[in-house]
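Chains as they are written, first to last, in the numbering used here: chain A, 5 to 193; chain B, 32 to 717. The beta-carbon is built from N, C-alpha and C at its ideal position, and this holds for glycine as well. Computed from a prediction, not measured in an experiment: that's the story for all the values here.
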């Protein structure tokens, strides 16, 4: 498995502990899982980027409807193609960890939902989000009229300054009223 | 406002090549997006770094930036920490070491988290509602185990030592000789199956053991030196402390759930946004669970949209139809009340019959002994079923139906236990009338109960055991066959019935009932918490097996966080019931003359004033002062003031939230007005 050659050194481990919400065991486990996904010739090298297709094979992300958006949000690659380095991977796990604060989770949730990356959730973003949530199959997709009614209701409830879009603060305001959000926005290896 | 901002590019493929964080790159033409991309890295927290160090800098990991950026900020912070002197850096170091300590404690507790992997698997496949049941069960297991350690340490261990040290109890000379007759374990030839009978009903060899109250002695253990351990006093205080300890645990656990439940407030507002923004469970594993969750969300949205459309289209009901609906509801309420009342009467009769005919032998005797448990369990099973059918006729909205059903089930379970206790009490104390001939001699019913505390303990033990046996029997005889029938025999009936669902509320009420029984019985049966721990552990594994093998995930899910709060509230009701029973036994009923650590006291509580006078003068005066009015009235006034302060604070926060919301709305309108003005001016200039 190549674990001895690609083990984290102590300094890196304590640095990651300080910069993320993960515990020591979680960081080590993440390192093992990430190394297991690396192709044979790159094992032991640092700063390698895993392409998005490889990341999406992980069982925790495989069936998640938002998996592609998640990879795009946490990727720091220049042409944003969704590939992740190990540190991006740690950022991802930290945002989805048990100890992460509500602010971090709501911030990243907002970015995941913002498909066009314009900083607000407009009608198209909301429509794409609802389609991903209810699934693509015929018996679980809302028709046009229902979708329009739903989007209108959402905007009426959350758009406080009435500009037709939901910005980050309005989103966080809605999220803060949900007791289940922090416990459901969780991915644990 | 948001122009064409370029996204800061950080992190690249070349190892060791890091860019300083503030370097901005030219917009990449290779990007295929034409929208203005929002610059997420221009965070207001940046300005804090440059501004004065009025408050501690935010913890780095709470900043939503990529790792490279966080690392750079950390280096800057460390350099600044080296430069600053005095109180600043001391404070910063203190917060840092505190955070490190918190982290280490969290990692340490990580190891002790029981059943972590199982809970994760359950949550991923069946959702948060079912997981909350198992989390609640785990909480009860830990609570019972810690309570057992408490009791073992303070009561059982010293009694063990005392027993092995020698003599039995001595007898004060009184004239109550008939009250002293007590023979729990008649020696003689014991038939083999009687061993099991004794095991199941807590009599015989089990009665004459550490299991029950009757075995403990009333003397203080005196060692060679001056070490003395007052076992009766320890027994009393341990029982009292056990109740207080359970209360603290429940309230502590309620604290987090309550804060969330209170803060969220009005649930009706923001329903659609909440479902869409927070509906997805990222812990869902596998295609099947994902599809199910999607169906679930679709179902909820559909139902809400449908209700809204119906409400808009429906004309208001004519007055006659309203009256008809309300009379129907009142009638159904009375029927439900009648059903519950019948169940109570049945329990009352069964308990009386069982206590009066409790000395038969063999299987029939066992059946009679277990009669109260059987009636309670049957009632708890049948009556909610019937109430569910009634609820169908009542036509409340779905959320109200759930609450009403739960309330009925809670009332049924807890009050049926209360009826059982009441019946026992009336048997023991001859319905409170101590002049009756049975009770006149020893001020409790000596003919039937030579040692009434042990009898009560036995009753609670039987209830606990029967609960466990029924659960296992249901599992083997009902749930597994049902699944096998549904899976292998396809017919209309089996499709209609289908695999069963894991119904969370009724299972939780079963747990609350079991825990209340244990609390009631703990004073009389000190080993009961240990038995309960083992029972709950077995229950965990049984329920887990049935969940994964026999159940299908529910389409309508149960909210997890508000429901945790509700479970704890119901548990608190059970605790209150047990507390009432304990206080009554301690303070009013005369302890048995023939057994137990409190013989020859008029009430169990009487030992406290007696021992009180053996304390030193100073302690006595101090305790008198605490109890006196000079201390308690100022304390009461102070707590009133503190409570008023918190209430005022909470109302002020609520009002400022409303004000800020209104302000936000105004600013949005201002912004739109200004934009329109700009457009108008542009048009005029052209």
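- With respect to residue 696 (chain B), residue 164 (chain A) sits close: the two C-beta atoms are nearer than 7 Å.
- The Cβ of residue 31 (chain A) sits no closer than 7 Å to any Cβ of chain B.
- Judged by DSSP secondary structure, residue 156 (chain A) falls within the alpha helix (DSSP H) whose first and last residues are 148-162.
- Between residue 557 (chain B) and residue 182 (chain B), the gap from beta carbon to beta carbon is short of 7 Å.
- One thing to note: residue 145 (chain A) has its Cβ no nearer than 7 Å to the Cβ of residue 129 (chain A).
- Segment contact: the stretch 434-452 of chain B against the stretch 403-413 of chain B, three or more CB-CB distances shorter than 8 Å; contact assigned.
- For residue 15 (chain A), the enclosing alpha helix (DSSP H) starts and ends at 14-23.
- Judged by beta-carbon spacing, residue 178 (chain A) lies within the 7 Å limit of residue 308 (chain B), meaning their Cβ atoms are closer than that value.
- Residue 582 (chain B) sits away from residue 511 (chain B), with the two beta carbons spaced by 7 Å or more.
- Counting other Cβ atoms within 10 Å of its Cβ, residue 56 (chain A) reaches 16 or more and is therefore classed as buried.
- Taking 8 Å as the upper bound on Cβ-Cβ separation, chain A lies near residues 692, 695, 696, 698, 699, 700, 702 and 703 of the stretch 682-709 of chain B.
- Listed by position along chain B, the residues whose Cβ is nearer than 7 Å to that of residue 15 (chain A) form an empty set, because the closest Cβ is around 12 Å away.
- The C-beta distance from residue 616 (chain B) to residue 554 (chain B) rounds to 6 Å, short enough to meet the 8 Å contact threshold.
- The C-beta of residue 157 (chain A) comes closer than 7 Å to at least one C-beta of chain B.
- The Cβ-Cβ distance between residue 608 (chain B) and residue 281 (chain B) does not fall below 7 Å.
- For residue 172 (chain A), same chain residues with a beta-carbon under 6 Å away, outside a window of 5 residues either side, are 114 in chain order.
- Take the alpha-carbon of residue 147 (chain B) and the one of residue 168 (chain B): they are about 13 Å apart.
- At a cut-off of 7 Å between beta carbons, residue 93 (chain A) makes no contact with chain B.
- The beta-carbon of residue 287 (chain B) is placed no less than 7 Å from the nearest beta-carbon of chain A.
- Here the alpha carbons of residue 230 (chain B) and residue 387 (chain B) stand approximately 21 Å from one another.
- DSSP places residue 622 (chain B) outside any alpha helix (DSSP H), giving it a letter other than H or E.
- In the displayed model, residue 260 (chain B) falls within a strand according to three-state DSSP.
- At least one beta carbon of chain B lies nearer than 7 Å to the beta carbon of residue 178 (chain A).
- Judged by their CB atoms, residue 474 (chain B) and residue 480 (chain B) are not nearer to each other than the 7 Å cut-off.
- A direct Cα-Cα distance of roughly 19 Å separates residue 273 (chain B) from residue 601 (chain B).
- For the stretch 97-124 of chain B, the set of residues with a beta-carbon nearer than 8 Å to any beta-carbon of chain A comprises 97, 98, 99, 101, 102 and 105, in chain order.
- The CB of residue 11 (chain A) never comes closer than 8 Å to any CB in chain B; the least such distance is about 17 Å.
- Boundaries of the alpha helix (DSSP H) around residue 408 (chain B): 402-425.
- Taking C-beta atoms as the reference points, residue 116 (chain A) and residue 77 (chain A) count as a pair closer than 7 Å.
- The three-state secondary structure of residue 125 (chain A), taken from DSSP, is strand.
- Chain-order list of chain A residues neighbouring residue 304 (chain B): 158, 161, 162 and 178, by C-beta distance under 7 Å.
- Annotation: residue 143 (chain A) to residue 326 (chain B) spans about 9 Å, alpha carbon to alpha carbon.
- The continuous alpha helix (DSSP H) containing residue 686 (chain B) extends over residues 660-716.
- Shown here, residue 325 (chain B) sits in a helix according to DSSP, grouped into three states.
- Between residue 108 (chain A) and residue 595 (chain B), the C-beta gap is not smaller than 7 Å, which leaves the two residues out of contact.
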